[in-house]
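Input: a single structure, listed below in structure tokens.
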Amino acid sequence: MPQSNTQKLDHKGLEEMARQIRRDIIKMLLISESGHSGGPLGVADIFSSMYFNVLRHDPKNHNWPERDYFFLSAGHLAPVWYATLARAGYFPIQELTTLRKINTRLQGHPAPAYTHGLPGVEIASGSLGQGMSIAVGCAIGLRLDKKPNRVYVLHGDGELDEGQIWEGMMTASHYGLDNLIAIVDRNFCQIDNRTDKVMQLEPLSDKWRSFGWNVLECDGHKIPDFLDAIGKAKEHMGKPSVVIAKTFMGRGVSFMEDDYRWHGVPPNLEQAKKALSELNPTEFGDFIEFDWEKELVTAK
Amino acid sequence: MPQSNTQKLDHKGLEEMARQIRRDIIKMLLISESGHSGGPLGVADIFSSMYFNVLRHDPKNHNWPERDYFFLSAGHLAPVWYATLARAGYFPIQELTTLRKINTRLQGHPAPAYTHGLPGVEIASGSLGQGMSIAVGCAIGLRLDKKPNRVYVLHGDGELDEGQIWEGMMTASHYGLDNLIAIVDRNFCQIDNRTDKVMQLEPLSDKWRSFGWNVLECDGHKIPDFLDAIGKAKEHMGKPSVVIAKTFMGRGVSFMEDDYRWHGVPPNLEQAKKALSELNPTEFGDFIEFDWEKELVTAK
Amino acid sequence: MSLIQSKGEKATRQGFSDALMELGKENPDVVVLGGDVSGSVKVDAFAKAYPDRFFSVGVAEADMMGIAAGLALVGKIPIASAYGEFAAGRPFDQIRQSIAYSEMPVKICASHSGITVGPDGATHQSLEDMALMRVLPHMTVISPCDYLETKRAVKASLGITKGPVYMRYFRDNTPMFTDESTPFEIGKANTLAEGKDATVIAAGLQVWEAVQAAEELLKEKISVRVLNMHTIKPLDKQAILKAAKETGAIVTAEDHQIHCGLGSAVAEYLAQSMPTPQEFVAVNDTFGESGNGKDLMKKYGIDKDAIISAVKRVLKRKK
Amino acid sequence: MSLIQSKGEKATRQGFSDALMELGKENPDVVVLGGDVSGSVKVDAFAKAYPDRFFSVGVAEADMMGIAAGLALVGKIPIASAYGEFAAGRPFDQIRQSIAYSEMPVKICASHSGITVGPDGATHQSLEDMALMRVLPHMTVISPCDYLETKRAVKASLGITKGPVYMRYFRDNTPMFTDESTPFEIGKANTLAEGKDATVIAAGLQVWEAVQAAEELLKEKISVRVLNMHTIKPLDKQAILKAAKETGAIVTAEDHQIHCGLGSAVAEYLAQSMPTPQEFVAVNDTFGESGNGKDLMKKYGIDKDAIISAVKRVLKRKK
Ligand SMILES: Cc1ncc(C[n+]2csc(CCOP(=O)(O)OP(=O)(O)O)c2C)c(N)n1
Ligand SMILES: Cc1ncc(C[n+]2csc(CCOP(=O)(O)OP(=O)(O)O)c2C)c(N)n1
Ligand SMILES: [Mg+2]
Ligand SMILES: [Mg+2]
């Protein structure tokens, strides 16, 4: 069985990559002047881990039949996905400057490769709550063909308010889809407020368990902890597994951290400067250098 | 506070009434030649208990502001509801002969009083999964007005596959709606097969509990047991309660009992005769006498 | 004299079922999704013959559409089966994003469409589904007229490999009047009767009603062309324009709300090409009710008689 | 010379928000439901002022519509707020059964409609909502044109006590050009400019585009009537017929798919009354994309320039 065609990074490399992805997100959003900061920053460690360690995939051949499938059900987290895909080599990193602009492949919410041409995106998302069902269909199809590929789907916690997810969870467990692993970005925040204010989700693990899932909890910012949970999920037979990863919205940027008001707002110039000053440059290098004096003229 | 304007029946009376309702269902369906046998027969004991013991209501004044609200989310159970409403005095019992016929108020799936004129039906159902949300809205509205009326909603177990119900359950618990009581007709049957074959629901009580509900289980054919569960549900404060009532589809008719194939089929002449012979006549009396010799000519 | 003979009755949903059985045999990628109405929509035969390619998803139509999309993604040919309202209305947003926008080759097969669902009543009578599906980009919408055409349409739909197909058909037994020699091509209307005074453009069960109406009108020396517009989208504009030019008066007939359906599609196109007097035979912006199919078609004005009066009305308006 | 002046810009969703604040004060039965987009759809002000009459239901639009129906049942006046696609498409079947068929006086208030949602892209651009709501019996559908008209429409919708109302408006700041003296009555089109060569029937943001188009066309001696068709259902048939009779050429303009929307409604009616050449300014059966509102209006052909060319096209077809 062919292995992943990307080089795996070690824990330190994954952390460094996560920080780079965070820098990329800040820069992308500063340029686009529209989009989501909080959620994407919060799952940078998860995306780094997934694309540089967990997933079997081939960025140069995004339709590689042996690939694992990754679905981003919470489509508004697109910026972190795009930055990660670009870093992994799916498309030119310079393209990150086009986020949300007219004629871009980097749509505000992900649009699939074969309609909009962005490699790495399997299917559209943005209207919340639809990814679980898609992942279930994909996992059933792979099993029918006796293929070993795994299916991953990432949900926001607020997204779990949508009933369709619970329908899909039931079906996944009904068919014992152990080739399916869900990841929940448990940041306790959604748009209007903290999740317990908008719609109580606790006891969340009990909910998943009662729906027939193998539940793993972890700290979504401790990369070894997350990888460990994914490892256990892969080993668990007979049931689908979920990794409930505790994260902080806006992670890595002090003034955004754990603040739901950063769900859907891009940083302004001042804020972007401050954010980048908190996120040290990495060996991977930025995809664009701003001329702060000229207030971004170079970028626009 | 005004009490219910109907006379309460004792346990024996409720059982007798349930048997009469079962007889009514068989006769209605024989005449309509279309409709659901299994589910309605299964919940006759529950309907008898609700309308002749539990609910505060006034059949002669169906808009009585002090009434409890009853929603039939599983709209295909309409025949048992219509028979019960007629027996309680909401409309002329003879009207039961019009089930599913053109121009009737007894629509195949319930249509509301103020559009179709059938007293006792508050809102439409038939497309499954919608009643929980309606009940939640109703319960919130009553609480806003500081009114003591209670809200009941009855679901099929197969119906629980619909995600909207889980959305509504979350909301009910989020708002701690203790004026709301759900009843699940847990007959382990749905259209295609037994529930565990179509879509596994177990562990069902755990699911409701993890969604923040007070869960009561009971035998839906033992009237004291059911009333006891409802009594406990009424007393429970701070949370909505659900009564998961174990029933048998087709209860009371030997050849229908616990057989999912009777979900949506009416009895033919032979079957109706046999069914009625198993359900002894009651003191309440039938709404129509068939001339079996003439093969129903009188009824058609 | 009769324009077309019918040879007995059979349900369109049976046509779907029989097509499925053939497809199951011919194509190992065909998988079927059932939403706890397998007997009614007649996927039970497939489920029995190919149990490993049939998946019960419970009463959860939103989930069904997502699962279908996921299956399509890994190369399966998913057939999502449900009643009209629960196939189109309940999971609309899921169809929109996961299937239509994502251009997934899912076949959405809706039995029990229209008012002839009958006794179940309004909640189960999908009179809005053609609107919902027609307004979606990338969607092909087909409404076949009888048993055989349904069977052929289902089989032909596998030829559409980019984007989804929505197919609507019916519960009741209805006259069979097409045969293997009847032309059938997705997107191409089929002329069932020639005529010069007016054209009836019909879909689904109204095609047979239109044929009967044309026959009766012939006795009154009114010559009516009958077009079977089995494909609502993409619309056969050429056939419509030809009808407008040659007959100068149009009647559309469908088992659907008067708004946004076949009649609407024809009116949209003619307004842009050749404005022509048109009368609509459709359910007049109201929900249905319980009753048997035939009685309801009469009461809600979508039967042969309604078509006859509509033709007479439109002829009065013709210049 | 200019036909109508605009006085600054403000968002239509702000008009909704300001109306809500007044209604909250005037009517203790008004309750508002929020689906975790309270800031964007601007129900946050109401939530702050009347916390006991605001209910967060989470990201669960189907549930929201059922809850609204339940609240209406006990005499409340529920305002269900969401983005267009999640207000109309996601909970379609729930709206159909629990609200439209059940004739519940729920106000469904959809901000972020149309393509001008902009950067969020296609999944968030509801270009199908007028179709979905128009095809439902008992539904009133309103698409106001600017800040003040939105405010007035929201307030006027409380006068509709039988059956629901669907209202669509927009995210962006847009020109304010109506004032308190501008006629506004649900179901009655408003003539913004007189003209004899053709009529532009527009709704929503396209009303202002139409006014500007009319102004430019006047310079070329083309005199265009502009109708603000803020009510899509029930349609003001009288105004349409009058326009068809008096100007003989129609252009419709909307921020919606070309199928099943305002243009479709006008075509349906004229086909039945007075067939008239009509050109459609609408999104041409395609999904949208990211970009800013103005750029998208241009790219997808629903701005002033598109209206100008459509008028010229229709004039060529006029007899
Ligand atoms: C069906 C649907 N309803 C509403 C929205 C608007 N929306 C986008 S993100 C979001 C909040 C989701 O919360 P969560 O999943 O916790 O994401 P986070 O805020 O943590 O990034 C909402 C309501 C949507 N995209 N889709
Ligand atoms: C949204 C929706 N999907 C499908 C149906 C068709 N349907 C009617 S009853 C039923 C089975 C429901 O099972 P359950 O609630 O257990 O009722 P029972 O068979 O026990 O009477 C289905 C699938 C429907 N009415 N509504
Ligand atoms: Mg969150
Ligand atoms: Mg059951």
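Chains as they are written, first to last, in this note's numbering: chain A, 1 to 300; chain B, 301 to 600; chain C, 601 to 919; chain D, 920 to 1238. Note that the Cβ used here is the ideal one computed from N, Cα and C, for glycine as well.
Counted within 10 angstroms of its Cβ, other Cβ atoms place residue i as buried (16 or more) or exposed
i	result
residue 338 of chain B	buried
residue 562 of chain B	buried
residue 927 of chain D	exposed
residue 311 of chain B	exposed
residue 1078 of chain D	exposed
residue 379 of chain B	buried
residue 1069 of chain D	buried
residue 496 of chain B	exposed
residue 7 of chain A	exposed
residue 944 of chain D	exposed
residue 814 of chain C	buried
residue 871 of chain C	buried
Top-ranked residue by Cα proximity to residue i, from the options
i	options	result
residue 14 of chain A	A:61, A:282, A:295	A:282
residue 445 of chain B	D:934, D:1079, D:990, D:943	D:990
residue 677 of chain C	C:764, C:823, C:749, C:772	C:764
residue 1085 of chain D	D:1230, D:1153, D:1040, D:924	D:1153
residue 912 of chain C	C:779, C:722, C:798	C:798
residue 976 of chain D	A:27, A:284, A:158	A:158
residue 219 of chain A	A:65, A:67, A:247	A:247
residue 74 of chain A	A:68, A:133, A:31	A:133
residue 513 of chain B	B:544, B:557, B:372	B:544
residue 725 of chain C	C:689, C:733, C:821	C:689
Heavy atom of ligand 1 within 6 Å of residue i beta-carbon
i	result
residue 1109 of chain D	no
residue 335 of chain B	no
Inter-residue spacing [alpha-carbon to alpha-carbon] between residue i and residue j
i	j	result
residue 742 of chain C	residue 784 of chain C	12 Å
residue 23 of chain A	residue 106 of chain A	17 Å
residue 1012 of chain D	residue 685 of chain C	8 Å
residue 966 of chain D	residue 988 of chain D	20 Å
residue 601 of chain C	residue 792 of chain C	Below a pLDDT of 50, predicted positions are generally treated as unreliable, and residue 601 of chain C, at 48, falls in that range; the measurement from the model is reported next regardless. Distance between the alpha carbons of residue 601 of chain C and residue 792 of chain C: 15 Å.
residue 1049 of chain D	residue 853 of chain C	23 Å
residue 615 of chain C	residue 641 of chain C	11 Å
residue 166 of chain A	residue 410 of chain B	27 Å
residue 217 of chain A	residue 499 of chain B	27 Å
residue 170 of chain A	residue 501 of chain B	8 Å
residue 1217 of chain D	residue 1124 of chain D	13 Å
residue 632 of chain C	residue 620 of chain C	9 Å
residue 611 of chain C	residue 1212 of chain D	49 Å
Any non-hydrogen atom of ligand 3 within 6 Å of residue i CB
i	result
residue 189 of chain A	yes
residue 1167 of chain D	no
residue 977 of chain D	no
residue 10 of chain A	no
residue 1222 of chain D	no
Residue i Cβ short of 6 Å to ligand 2 heavy atom set
i	result
residue 644 of chain C	no
residue 686 of chain C	yes
residue 380 of chain B	no
heavy atom of ligand 4 below 6 Å from residue i C-beta
i	result
residue 299 of chain B	A question about residue 299 of chain B goes unanswered here, because the residues of chain B that appear run from 301 up to 600.
residue 457 of chain B	yes
Minimum length 3: unbroken beta strand (DSSP E) runs contained in the segment 1057-1093 of chain D
1059-1061, 1084-1087
Go through the segment 602-685 of chain C residue by residue and report every complete run of the alpha helix (DSSP H) that reaches 4 residues or more, in order.
612-626, 638-641, 644-649, 661-673
Would you mind listing the alpha helix (DSSP H) stretches within the segment 564-589 of chain B that are 4+ residues and don't spill past its ends, in chain order?
569-578
Within the segment 440-518 of chain B, note down every full beta strand (DSSP E) run reaching 3 residues or more, in order along the chain.
451-456, 480-486
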